[in-house]
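**Student:** These protein sequence lines map, in sequence, to chains Z and S.
Residues 519 to 633 (this note's numbering) make up the first sequence, in order.
Residues 57 to 168 (this note's numbering) make up the second sequence, in order.
By construction, the Cβ of each residue, glycine as well, lies at the ideal position given by its N, Cα and C atoms.
Keep in mind it's a predicted model, so treat the numbers as computed, not measured.
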Amino acid sequence: KAGVTQTPRYLIKTRGQQVTLSCSPISGHRSVSWYQQTPGQGLQFLFEYFSETQRNKGNFPGRFSGRQFSNSRSEMNVSTLELGDSALYLCASSPEAPSSYNEQFFGPGTRLTVL
Amino acid sequence: GESVGLHLPTLSVQEGDNSIINCAYSNSASDYFIWYKQESGKGPQFIIDIRSNMDKRQGQRVTVLLNKTVKHLSLQIAATQPGDSAVYFCAENTGGSYIPTFGRGTSLIVHP
Numbered sequence: 519k520a521g522v523t524q525t526p527r528y529l530i531k532t533r534g535q536q537v538t539l540s541c542s543p544i545s546g547h548r549s550v551s552w553y554q555q556t557p558g559q560g561l562q563f564l565f566e567y568f569s570e571t572q573r574n575k576g577n578f579p580g581r582f583s584g585r586q587f588s589n590s591r592s593e594m595n596v597s598t599l600e601l602g603d604s605a606l607y608l609c610a611s612s613p614e615a616p617s618s619y620n621e622q623f624f625g626p627g628t629r630l631t632v633l
Numbered sequence: 057g058e059s060v061g062l063h064l065p066t067l068s069v070q071e072g073d074n075s076i077i078n079c080a081y082s083n084s085a086s087d088y089f090i091w092y093k094q095e096s097g098k099g100p101q102f103i104i105d106i107r108s109n110m111d112k113r114q115g116q117r118v119t120v121l122l123n124k125t126v127k128h129l130s131l132q133i134a135a136t137q138p139g140d141s142a143v144y145f146c147a148e149n150t151g152g153s154y155i156p157t158f159g160r161g162t163s164l165i166v167h168p
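1) Report the residue from 566(Z), 599(Z), 581(Z) whose alpha carbon sits nearest the alpha carbon of residue 543(Z).
2) Just the C-alpha distance for residue 575(Z) and residue 131(S), rounded to the nearest angstrom, thanks.
3) Residue 626(Z) versus chain S: which residues are under 8 angstroms apart at the beta carbon?
4) Measure the Cβ-Cβ separation of residue 605(Z) and residue 525(Z) and say whether it is below 9 angstroms.
5) Since residue 120(S) and residue 133(S) are thought to touch, with beta carbons under 8 angstroms apart, how far apart are those beta carbons, to the nearest angstrom?
6) Can you look up residue 560(Z) in the DSSP assignment and give me helix, strand or coil?
7) Could you check whether residue 522(Z) and residue 611(Z) sit closer than 9 angstroms to each other, using their CB atoms as the reference points?
8) Quick check: residue 568(Z) and residue 100(S), are their CB atoms within less than 9 angstroms of each other?
9) When the cut-off is 9 angstroms and only beta carbons count, does residue 520(Z) lie next to chain S?
10) Find the residues of chain Z that neighbour residue 155(S), judging by a C-beta separation of less than 7 angstroms, and give them in chain order.
11) Starting from residue 161(S), find everything on chain Z with Cβ-Cβ shorter than 9 angstroms and list it in chain order.
12) Which stretch, first to last residue, makes up the beta strand (DSSP E) that contains residue 105(S)?
13) Compute the Euclidean distance between the alpha carbons of residue 581(Z) and residue 72(S), then round it to the nearest angstrom.
14) In chain S, which residues lie less than 7 angstroms from residue 621(Z) when you measure between Cβ atoms?
15) Can you confirm whether the segment 78-91 of chain S touches the segment 135-147 of chain S when touching is taken to mean that 3 or more C-beta pairs between the two stretches lie within less than 8 angstroms?
16) In three-state DSSP terms, what is residue 602(Z)?
17) Could one say the Cβ of residue 601(Z) lies closer than 9 angstroms to chain S's Cβ atoms, at least one of them?
18) Taking the alpha carbon of residue 520(Z) as the point to measure from, which residue in 608(Z), 533(Z), 577(Z), 547(Z) has its own alpha carbon closest?
19) For a contact meaning CB atoms closer than 9 angstroms, what does residue 608(Z) contact in chain S?
20) With 9 angstroms as the threshold, decide whether the Cβ of residue 570(Z) is near any Cβ in chain S.
21) Can you tell me which of the three DSSP states residue 584(Z) falls into?
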């Protein structure tokens with residue numbers, strides 16, 4: 519079974535631009551979560567989607583948004599990019615809504631650099 | 057590969073030694089904890105988890121210990137191998153709403 523895939527793997531943007539990242543979960547998984555990883559802040563939860571609905575949201579500004587499609591694929595969007603948005607963005611999927619009973623499987627991430 | 061974190065605590069061990077990685081968590085209400093391993097250029101990989109009604113759980117070559125009194129979690133890796141070299145994170149979660157909080161991570165370096 520193929521793992522979680524993320525595209526693109528690397529991306530360079532300039533301040534003020536917007537970006538869309540894509541995540542394809544493991545086949546059959548309905549929950550997709552997004553995380554931001556930086557050297558300074560570590561790994562931080564962005565949001566989680568289940569059956570096309572955002573169920574949980576971390577403490578990030580409204581410039582960060584996402585959506586999930588009927589096939590469970592998910593995209594996240596960052597508008598008006600700032601230098602501090604440079605990070606590794608990770609997507610994780612699980613069969614059902616993640617909880618203490620459902621393991622999450624992470625993709626390799628998208629490395630975003632904002633110049 | 058990519059660096060997943062700068063200024064991380066680092067633990068250097070010799071192959072065959074036992075490794076102990078520590079994590080202090082922040083929320084006394086957290087009831088579920090996970091250890092992840094992240095190799096360079098890859099996403100985190102689940103290693104082992106533990107619920108707050110337990111104080112020890114064992115897997116293959118790994119043991120997690122939970123001390124709720126001092127809000128401390130540890131990961132013990134037996135007979136450490138070069139392939140164990142990676143950054144290790146703990147994560148805590150509270151209740152049924154899955155919004156995990158991750159530790160900063162520890163870089164484990166295993167010397168052959």
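**Tutor:** From the atom records:
1) Nearest option by C-alpha distance: 566(Z).
2) 29 angstroms
3) 97, 98, 99
4) No, the Cβ-Cβ distance between residue 605(Z) and residue 525(Z) is not below 9 angstroms.
5) Contact doesn't hold; Cβ gap of about 10 angstroms is too wide.
6) strand
7) Yes, the pair counts as a contact, with Cβ atoms nearer than the cut-off.
8) no
9) no
10) 563, 574, 576
11) 560, 561
12) Residues 101-107.
13) 48 angstroms
14) 102
15) yes
16) helix
17) Not a single CB atom of chain S sits nearer than 9 angstroms to the CB of residue 601(Z).
18) When each option's Cα is compared against that of residue 520(Z), the closest is 547(Z).
19) 99, 100, listed in chain order.
20) no
21) Correct three-state label for residue 584(Z): strand.
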